[in-house]
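Quick note on numbering that gives the first Met the number 0: the sequence shown kicks off at 0 and runs consecutively.
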Amino acid sequence: MARPRVFSGIQPTADSFHLGNYLGALRQWVTLQETHDAVYCVVDLHAITLPHDPALLRQRTRVAAAQLLGAGLDPQRCIVFVQSHVPEHAELAWVLGCITGFGEASRMIQFKDKAARAGSDQASVGLFTYPVLQAADILLYATDQVPVGEDQRQHLELTRDLAQRFNHRFGATFVVPGPYILTDVAKITDLTEPTAKMSKSSSAPQGIVDLLDEPAAIRRKISRAVTDADGEIRADEQAKPGVTNLLRIYSALSGESVADLEARYAGAGYGTFKKDLAEVVVDALAPIRERTEKMLADEAQLDRLLAVGAARAREIASQTMDTVRNRIGFLPPG
Ligand code: TYM
0 MARPRVFSGI QPTADSFHLG NYLGALRQWV TLQETHDAVY CVVDLHAITL
50 PHDPALLRQR TRVAAAQLLG AGLDPQRCIV FVQSHVPEHA ELAWVLGCIT
100 GFGEASRMIQ FKDKAARAGS DQASVGLFTY PVLQAADILL YATDQVPVGE
150 DQRQHLELTR DLAQRFNHRF GATFVVPGPY ILTDVAKITD LTEPTAKMSK
200 SSSAPQGIVD LLDEPAAIRR KISRAVTDAD GEIRADEQAK PGVTNLLRIY
250 SALSGESVAD LEARYAGAGY GTFKKDLAEV VVDALAPIRE RTEKMLADEA
300 QLDRLLAVGA ARAREIASQT MDTVRNRIGF LPPG
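In structure tokens:
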């Protein structure tokens with residue numbers, strides 16, 4: 000029997016991915032390549048929805064791809080490619096945009112947040128239609144499940160709605176995908192502001208652990224992570240968001256349950272706990288950083304792997320697009 004398909008994407012909008020990206024998404028991507036037909040994409044079309052520097056985007060796209068491989072994606076086991084190498088993404092986005100309601104798109108929380116941050120005059124139409132492009136990414140590959148963090152849930156709802164609407168109007172074409180979200184790691188928070196999501200666009204770098212951080216930086220950031228005054232190492236999302244976030248990170252990386260960690264650190268101070276956690280994080284990230292650097296040392300080889308990935312992705316995407324063009328009523332070229 001065919002394996003179920005997973006598809007996911009990540010933006011090359013920073014010099015490094017962070018621990019939230021890793022625990023919320025990438026780690027699941029790596030696991031799923033063993034059991035699923037997996038397709039993963041560096042979404043550079045999405046990365047130009049906010050003002051950007053072209054040379055930096057090119058560089059970050061390579062670094063992003065290198066990190067995906069460094070984190071454990073294996074091009075023998077899954078497809079890894081760059082979105083702009085497969086033009087069907089932009090083409091399907093146009094078609095889906097024509098069945099998306101203006102009001103429906105206006106309700107997207109991420110658009111409202113990003114537009115508010117940019118200032119509404121600065122927000123582009125591309126930023127507004129961002130979720131439609133994301134739907135196109137997913138639907139091109141007959142995706143069954145989409146491994147992402149909690150912040151992507153609303154975009155997946157829109158994707159499902161668009162797939163169902165298209166199927167209803169034009170005949171069964173798209174698989175209606177479901178989310179694959181692991182609740183314990185779906186929202187890793189900022190170390191200095193533990194009620195906010197850890198985010199590439201956050202203003203304070205001390206709050207973010209980057210996958211490519213040196214051990215000294217990781218130790219410093221974790222030692223300064225905001226906790227609280229009661230001194231107890233115990234998970235309580237409402238009363239103790241900082242400690243809860245650190246426990247979740249510790250548990251996800253060590254495999255020990257939060258309850259076991261609470262028992263082990265009962266009566267210990269935050270200092271000891273943070274010191275141990277820092278070593279767990281350093282040990283988990285060091286091999287990823289080393290493998291990423293190795294991939295980046297041979298750019299020609301990296302670009303070749305991405306070309307192979309794009310060719311494999313395009314084979315699937317072009318078939319879907321053929322069906323879509325036919326269903327929608329475009330005259331085939333003679
Ligand atoms: P992006 O690039 O912002 O983030 C990549 C993935 O990391 C997850 N994530 C987190 N998970 C837990 N805690 C956090 N603090 C945290 N921060 C980020 C995100 O949920 C995401 O899974 N719109 C998408 C990219 C995209 C996409 C797609 C995803 C484009 N097309 C198609 C899936 C399918 C985004 O901006 O992810």
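Built from N, CA and C at the ideal position, the CB exists for glycine as well. The structure presented is a predicted model; accordingly, all values stated were derived computationally and were not measured.
Do residue i and residue j have their CB atoms nearer than 7 angstroms?
{"i": "Gln151", "j": "Ile108", "result": "no"}
{"i": "Ala185", "j": "Gly23", "result": "yes"}
{"i": "Cys77", "j": "Ala37", "result": "yes"}
{"i": "Leu210", "j": "Leu284", "result": "yes"}
{"i": "Val208", "j": "Leu252", "result": "no"}
{"i": "Val79", "j": "Gly308", "result": "yes"}
{"i": "Phe329", "j": "Ile137", "result": "no"}
{"i": "Ala46", "j": "Gln75", "result": "no"}
{"i": "Ala135", "j": "Leu95", "result": "yes"}
{"i": "Ile217", "j": "Val257", "result": "no"}
{"i": "Ala234", "j": "Leu246", "result": "yes"}
{"i": "Val41", "j": "Ala63", "result": "yes"}
{"i": "Tyr21", "j": "Trp28", "result": "no"}
If residue i sits next to residue j, beta carbons under 8 angstroms apart, how far is it from one beta carbon to the other, in whole angstroms?
{"i": "Ile287", "j": "Gly148", "result": "Going by Cβ atoms, the distance from Ile287 to Gly148 rounds to 18 angstroms, so no, they are not a contact pair."}
{"i": "Ile232", "j": "Val242", "result": "6 angstroms"}
{"i": "Ala316", "j": "Leu155", "result": "Contact doesn't hold; Cβ gap of about 19 angstroms is too wide."}
{"i": "Gly71", "j": "Met197", "result": "Wrong, their Cβ atoms sit about 20 angstroms apart, outside the cutoff."}
{"i": "Leu161", "j": "Ala89", "result": "Leu161 to Ala89, Cβ: 16 angstroms. No contact."}
{"i": "Asp143", "j": "Gly177", "result": "7 angstroms"}
{"i": "Thr188", "j": "Asn244", "result": "5 angstroms"}
If distances are taken between C-alpha atoms only, which option among the options comes closest to residue i?
{"i": "Phe110", "options": "Gln133, Ile98 and Leu95", "result": "Gln133"}
{"i": "Gly206", "options": "Ala215, Pro214, Glu213 and Ile221", "result": "Ile221"}
{"i": "Phe173", "options": "Thr158, Val184, Asp183 and Thr182", "result": "Thr158"}
{"i": "Pro146", "options": "Gly268, Thr30 and Pro331", "result": "Thr30"}
{"i": "Pro228", "options": "Tyr249, Tyr269, Glu255 and Asp297", "result": "Position check: residue 228 holds Ala in this sequence, whereas Pro was assumed. Taking only the C-alpha atoms, the option nearest Ala228 is Tyr269."}
{"i": "Asp52", "options": "Gln82, Glu33, Ala13 and His17", "result": "Ala13"}
{"i": "Phe169", "options": "Val5, Leu330, Thr322 and Arg106", "result": "Thr322"}
{"i": "Gln237", "options": "Ala265, Ser256, Pro74 and Pro193", "result": "Pro193"}
{"i": "Leu56", "options": "Ser15, Glu87 and Thr291", "result": "Ser15"}
{"i": "Met320", "options": "Glu33, Arg2, His35 and Trp93", "result": "Trp93"}
Nearest-angstrom Cα distance between residue i and residue j?
{"i": "Thr191", "j": "Asp112", "result": "20 angstroms"}
{"i": "Leu295", "j": "Asp302", "result": "10 angstroms"}
{"i": "Phe127", "j": "Gln66", "result": "28 angstroms"}
{"i": "Cys97", "j": "Leu91", "result": "10 angstroms"}
{"i": "Ala122", "j": "Thr48", "result": "8 angstroms"}
{"i": "Arg61", "j": "Pro240", "result": "35 angstroms"}
{"i": "Arg335", "j": "Lys273", "result": "With the chain covering only 0 through 333, there is no way to say anything about residue 335."}
{"i": "His84", "j": "Ala310", "result": "9 angstroms"}
{"i": "Gly125", "j": "Ala262", "result": "49 angstroms"}
{"i": "Asp275", "j": "Gly230", "result": "16 angstroms"}
{"i": "Gln163", "j": "Gly100", "result": "14 angstroms"}
{"i": "Gln82", "j": "Arg219", "result": "36 angstroms"}
{"i": "Arg223", "j": "Ala171", "result": "53 angstroms"}
{"i": "Thr271", "j": "His17", "result": "24 angstroms"}
{"i": "Pro214", "j": "Ala195", "result": "24 angstroms"}
{"i": "Arg324", "j": "Asp212", "result": "46 angstroms"}
{"i": "Glu87", "j": "Arg4", "result": "18 angstroms"}
{"i": "Ser201", "j": "Arg116", "result": "11 angstroms"}
Can you pull the DSSP bridge partners for residue i?
{"i": "Tyr39", "result": "Ser7 and Val79"}
{"i": "Tyr269", "result": "Paired residue(s): none; Tyr269 is not in a bridge."}
{"i": "Asp235", "result": "Lys239"}
{"i": "Asp209", "result": "His17"}
{"i": "Tyr179", "result": "Pro146"}
{"i": "Thr188", "result": "Lys196"}
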